[in-house]
Amino acid sequence: MTCTFESAAATRRPLIRRPKRTLATLALGLTALGVAVGSGADFSAQTANPSNTFSAGALSMDNSRSGAAILSATNLKPGGTEQTGLVDIKNTGSIDGNFTVSRDQVTSSDSGAQNPTPFANKVIVSILDCGKARIDNGPYGPEQHDPTCGDGDDQVRYVGTLGAQNAPIDLGTFHAGDQHRYLFGANLDPSTGNEYSGDGSSARFVFDAVQKP
């Protein structure tokens, strides 16, 4: 009987090779997975708008009689002829505004017999909006045409005593560049008695503008 013996080294060889093949296969699989994950591409696009600017608008006005009286009504007589004065108000800003006119700093003098009420309560004031200036294209460029007072399209903004004008008077919305002409008038109440002879009043008119919402 013939007996064949394998050496211990020969017996262990399969056990040593099998783990190497397994590790190699695992490493190769991980490498392939890494390639699959890392090599993916995404489409993309971009566009930009540079140099955007932001600035605030402005609200300003021009008063044709700034710093001076609109009218100086002298030698008024009860029920006499109304004395008048003109002023042009313009929105010189870049935004629309709501314009008003107010009376303040009113004073009254009493030089003779004691007045039963301040002289300012006997002065009848009227404020008329004569309209908006019109801009036409002339042969040499834009031409401004000022409105005419008393032509039938005037709007009455206030009629009452100087003393009672205690709240701002709404003049409406002025768009950028709009200019209106106003006619201020004053006369004495026909009921003004002799005790007011030689008396007088003074007041300040103030134009204000607030941005339109």
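Start counting the sequence shown at 68; every next residue gets the next number (the numbering used here).
Note that beta-carbon positions come from the ideal geometry of N, C-alpha and C, so glycine has one too.
Name the one or two DSSP bridge partners that residue i has.
| i | result |
| --- | --- |
| Ser193 | Val226, Gly252 |
| Ile236 | Val168 |
| Lys199 | His247 |
| Asp275 | Thr167 |
Report buried or exposed for residue i, applying the criterion of at least 16 other Cβ atoms within 10 angstroms of its Cβ.
| i | result |
| --- | --- |
| Thr120 | exposed |
| Thr259 | buried |
| Arg271 | exposed |
| Tyr263 | buried |
| Lys157 | buried |
| Gln211 | exposed |
| Ile194 | buried |
| Arg201 | exposed |
| Ala125 | exposed |
| Thr69 | At Thr69 the pLDDT is 43, less than 50, meaning the model places this residue with poor confidence and gives no usable figure here. |
| Phe110 | exposed |
| Asp266 | buried |
Among the options, which one has its Cα closest to the Cα of residue i?
| i | options | result |
| --- | --- | --- |
| Gln232 | Asn261, Asp171, Ser131 | Asp171 |
| Gly160 | Thr228, Thr114, Asp129 | Asp129 |
| Pro145 | Gly219, Asn188, Tyr225, Gly239 | Asn188 |
| Glu149 | Pro235, Gln113, Asn254, Val226 | Asn254 |
Are residue i and residue j close, meaning C-beta to C-beta below 8 Å?
| i | j | result |
| --- | --- | --- |
| Asp245 | Thr167 | no |
| Leu143 | Gly152 | no |
| Asp203 | Asp221 | no |
| Val337 | Asn165 | Past the edges of the chain, shown from 68 to 280, lies residue 337, and the structure says nothing about it. |
| Lys279 | Thr240 | yes |
| Ala243 | Ile191 | no |
Less than 8 Å between CB atoms is the rule here; does residue i satisfy it with respect to chain D?
| i | result |
| --- | --- |
| Asp163 | Annotation note: the requested chain D is absent from the structure, which comprises a single protein chain. |
Practice prompt. Let me know the beta strand (DSSP E) ranges lying completely inside the segment 99-146, each 3 residues or longer, listed in chain order.
Written response: 128-130, all fully within the segment 99-146.
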